[in-house]
Each structure stands twice: as structure tokens, then as C-alpha cells.
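Q:
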Amino acid sequence: MRPTPPLPWPLLLTLISSLLLAPLSAQASCYKPSMSSYSEPSPPSRPFKPYCAAIKTCLQWEVDKYQREMENYVEELKRYVQQAHKAAHTYAEDAVKYAKCELKEE
Numbered sequence: 028m029r030p031t032p033p034l035p036w037p038l039l040l041t042l043i044s045s046l047l048l049a050p051l052s053a054q055a056s057c058y059k060p061s062m063s064s065y066s067e068p069s070p071p072s073r074p075f076k077p078y079c080a081a082i083k084t085c086l087q088w089e090v091d092k093y094q095r096e097m098e099n100y101v102e103e104l105k106r107y108v109q110q111a112h113k114a115a116h117t118y119a120e121d122a123v124k125y126a127k128c129e130l131k132e133e
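All residue numbers for the sequence shown refer to our numbering, where the first residue is 28 and numbers rise by one.
(1) May I ask you to report which of helix, strand or coil DSSP gives K83?
(2) Give the secondary structure of K59 by DSSP, where H, G and I count as helix, E and B as strand, and everything else as coil.
(3) Assess contact between the segment 76 to 94 and the segment 111 to 120, defined as three or more Cβ pairs (one per stretch) separated by less than 8 Å. Is contact present?
(4) Taking the straight line between their C-alpha atoms, what separation do you get for L23 and K59?
(5) Just to confirm my understanding: we take P146, look at its own chain, exclude 5 residues before and 5 after, and list those with CB closer than 7 Å. What are they?
In C-alpha cells, the structure reads:
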């Protein structure tokens, strides 16, 4: 019995690369979103009440300062909500794209 001749190198390389890359190409076409890839905003820290508020001996400047800190805190909370909403919306859009992609591949 005669041995079969070896395959030519270009054909052999093509076969090996197609066999190795076939499973990867099917998986790589749909990108599954992960929450860890989205930047989660940090909530702002609430300002501390001045000590004088507990014993009701605050001077006007202490009341004004605390009021400004609370106004800044509310603005930071609004920005936090906007950033969190944007991150959640982006994740939801990517999840929908992923689901549509998976449906096309079935």
C-alpha cells in the first residue's frame, strides 16, 4: 500500500486556521455586555450637620454655610442620577443589540 502524499502547505495552513478560528468567529460576532465594563458613578457624600444645630446655638454664617453645602449636595445628586441613568441606558441599548445579534445567529 502506497502512503498518501502530504498536503501542500498553503492548503494545510488554510485548513488549520479555518478549524481553529471557526468557533471563535461564531462567538465573537455577538458582544455580550457586562456591567463591569460600564463606569458606575459614585454617589456624593451628604454634608454633616454642624454641631451647633444639635444644641440650637448656630450663628448665621454656620446656617448659611450648611445651606450652601446642602444646595451643592442636591446639585451633585442630580448629576449622579443623570450619570447613572446614562450608564443604565447605554447598558440596556447594548443588551438589546446583543439579543438581536443572538437571534440572527440561531
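We put the beta carbon where it would ideally sit given N, CA and C, even for glycine.
A: In terms of the structure at hand:
(1) Residue mapping note: residue 83 aligns to position 56 of the sequence shown, counting from 1. For K83, the three-state secondary structure derived from DSSP is coil.
(2) To locate residue 59, count along the sequence shown from 1; it is residue 32. In the structure shown, K59 sits in coil (DSSP, three-state: anything other than H, G, I, E or B).
(3) In short, these stretches do not touch, since the Cβ pair count stays below three.
(4) Given a span of 28 to 133 for the chain in the structure shown, any question on residue 23 remains unanswerable.
(5) Because the chain here runs from 28 to 133, residue 146 falls outside it and cannot be looked at.
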